[in-house]
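Reading through the structure tokens given below for one structure.
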Amino acid sequence: MSGHGDPIPMTARKSGPLRGTAEVPGDKSISHRALILGALSVGETRVTGLLEGQDVLDTAKAMRTFGAEVVRRGVGEWSVHGVGVGGFAEPGQVIDCGNSGTGVRLIMGAMATTPITATFTGDASLNKRPMGRVTDPLSLFGARAFGRAGGRLPMTVVGAAAPVPVRYATPVPSAQVKSAVLLAGLNAPGQTVVIEKEPTRDHTERMLAGFGAQVTTEVTPAGRVITLTGQPELRPQAVAVPRDPSSAAFPVCAALMVEGSEVFVPGVSQNPTRNGLFLTLVEMGADIAFENPREEGGEPVADLRVRFGPLQGIEVPEDRAASMIDEYPVLAALAATAEGTTVMRGVKELRVKESDRIDAMARGLEACGVRIEEDEDTLIVHGTGTGGVPGGAVVQSHLDHRIAMSFLCLGLASRSPIGVDDGGPIATSFPVFEGLMQNLGAEISRD
1 MSGHGDPIPM TARKSGPLRG TAEVPGDKSI SHRALILGAL SVGETRVTGL
51 LEGQDVLDTA KAMRTFGAEV VRRGVGEWSV HGVGVGGFAE PGQVIDCGNS
101 GTGVRLIMGA MATTPITATF TGDASLNKRP MGRVTDPLSL FGARAFGRAG
151 GRLPMTVVGA AAPVPVRYAT PVPSAQVKSA VLLAGLNAPG QTVVIEKEPT
201 RDHTERMLAG FGAQVTTEVT PAGRVITLTG QPELRPQAVA VPRDPSSAAF
251 PVCAALMVEG SEVFVPGVSQ NPTRNGLFLT LVEMGADIAF ENPREEGGEP
301 VADLRVRFGP LQGIEVPEDR AASMIDEYPV LAALAATAEG TTVMRGVKEL
351 RVKESDRIDA MARGLEACGV RIEEDEDTLI VHGTGTGGVP GGAVVQSHLD
401 HRIAMSFLCL GLASRSPIGV DDGGPIATSF PVFEGLMQNL GAEISRD
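If you use full-length UniProt numbering, the sequence shown corresponds to residues 1 to 447, in order.
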């Protein structure tokens, strides 16, 4: 089951060349943060290009429940009348974050230093994911959390009545953990400091500064040290959300798989903490032109022109993992079509995403006739090269949007069709995926 309705089986078949323009949705990470920081500001924040996938819509609903006025003005155009830092009202209902780990973890951080109580839940996938990595540092501020065994949802968070600032070194590279701590630090006096050994996506720091918070980042031998001065009055902003590089990964990789393809993907974020996949693709020999580089909404963006060509498997640098953690599933699918072997190490974080993505990709690729190797922290894909991926399997999506989309892209270049048992979760992050791919010429259908 998708968690939002009955399963939607889908199948992808070998396609002719993919051609045209792929206007992918707005960045999911930035969309969540724009709504949350808008709700913590005083006045009206206007957002354009907002991703209207279910994950982000669930965050918008949560902000309303905490007392902000959140209104859709048009396609991708939203306004948020905020309640200010520390102004969240106690919700009168359970906060359902659906499938979104980003949403629930950031919202927990945003309310953890306000003396209110909120209960969070999600779909079957989200309720299996660990929340202790966030609630542990939030407890240092004085917040308390009560959930199921293993620190899982449903969970009630009691915000700190007298929050104190925190200095916290993240034990794993996670933008969600870092962001939750920084958002909690907004309503704590003094300076809250986060130290991360490996850099993770920096949208929260960029957006906090844009909304008027005093936040600095220093590179030290111990890692990046992010310092936030608490209790600012955030100023409402006009936020233009760039297109999501994680969503762009699917038409980009599909074009690189399907012979004769040429696809144009405009306005894609090129934030250096998010562009690891594109660096990797170029190293594999991909023909990608980065055109018209510019800045939109405080983020670097470029237009991508992608042409099919032969690819060679590589060993992906382990220190690149944080900048492309969400893109490993589609990279694994693409690697199955390349010559040689692609080695992905340092990717154990994939095991605690919407699904165990290492296991999901490994089992699905094996079912499609691709040889793989794996351990707790590694996925190795032996490409089929000119022989082609046999395909012919129906793969379990495990309620995971990126698993479903990755195998549908692979099916476009496989000798036999590839199906997924449930494409419903795709709507959480990329609601126009099916139509966008079909407009490029992809043979994707609902069963």
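Beta carbons are placed, not taken as given, at the ideal position from N, Cα and C, and that holds for glycine.
Whether residue i touches residue j by CB criterion (8 Å)
i: Ile380; j: Leu350; result: no
i: Pro137; j: Gly151; result: no
i: Arg446; j: Pro9; result: yes
i: Gly383; j: Gly340; result: yes
i: Arg33; j: Ser79; result: no
i: His401; j: Thr428; result: yes
i: Val219; j: Thr227; result: no
i: Ser100; j: Thr59; result: yes
i: Phe211; j: Leu440; result: no
i: Val85; j: Leu234; result: yes
Inter-residue Cα distance where the pair is residue i and residue j
i: Phe308; j: Val252; result: 10 Å
i: Glu443; j: Thr11; result: 8 Å
i: Gly387; j: Gly276; result: 28 Å
i: Glu90; j: Val75; result: 30 Å
i: Met284; j: Leu311; result: 5 Å
i: Ser2; j: Asn127; result: Because Ser2 sits at a pLDDT of 38, beneath the cut-off of 50, its placement in the model cannot be relied upon, and the following sentence gives the value as read from the coordinates. Their backbone Cα atoms lie some 13 Å apart in a straight line.
i: Ala238; j: Val70; result: 14 Å
i: Pro360; j: Gly26; result: The sequence given here places Ala at residue 360; Pro does not occur at that position. Going by the C-alpha atoms only, they are around 26 Å apart.
i: Gly424; j: Asn292; result: 35 Å
i: Pro173; j: Pro199; result: 7 Å
i: Thr102; j: Ser246; result: 14 Å
i: Glu318; j: Ser406; result: 21 Å
i: Val370; j: Gly16; result: 22 Å
i: Ile372; j: Leu365; result: 7 Å
Residue from the options with nearest C-alpha to residue i
i: Ala286; options: Ser414, Thr337, Thr45, Leu50; result: Thr337
i: Ala175; options: Ala413, Thr273, Gly340; result: Thr273
i: Gly20; options: Ala255, Gly276, Gly364, Glu315; result: Ala255
i: Ile116; options: Gln93, Gly103, Gly132; result: Gln93
i: Phe278; options: Pro232, Val258, Glu327; result: Glu327
i: Ala124; options: Pro154, Leu182, Ser31; result: Pro154
i: Val420; options: Ile403, Val47, Gly435; result: Ile403
i: Leu50; options: Ser31, Gly223, Ser429; result: Ser31
i: Ile95; options: Met207, Thr65, Leu35; result: Thr65
i: Thr342; options: Thr378, Asp356, Lys348; result: Thr378
i: Gly67; options: Asp55, Val42, Glu52, Thr48; result: Val42
Residue burial classification, residue i (beta-carbon count within 10 angstroms, cutoff 16)
i: Val330; result: buried
i: Gly391; result: buried
i: Lys28; result: buried
i: Phe146; result: exposed
i: Arg201; result: buried
i: Gly159; result: buried
i: Val282; result: exposed
For residue i, three-class secondary structure by DSSP
i: Gly392; result: coil
i: Met1; result: Residue confidence for Met1 is low, a pLDDT of 34 falling below 50, so the modelled location carries little weight and cannot support an answer.
i: Met324; result: coil
i: Leu256; result: helix
i: Gly38; result: helix
i: Asp6; result: coil
i: His81; result: strand
i: Met437; result: helix
i: Pro137; result: helix
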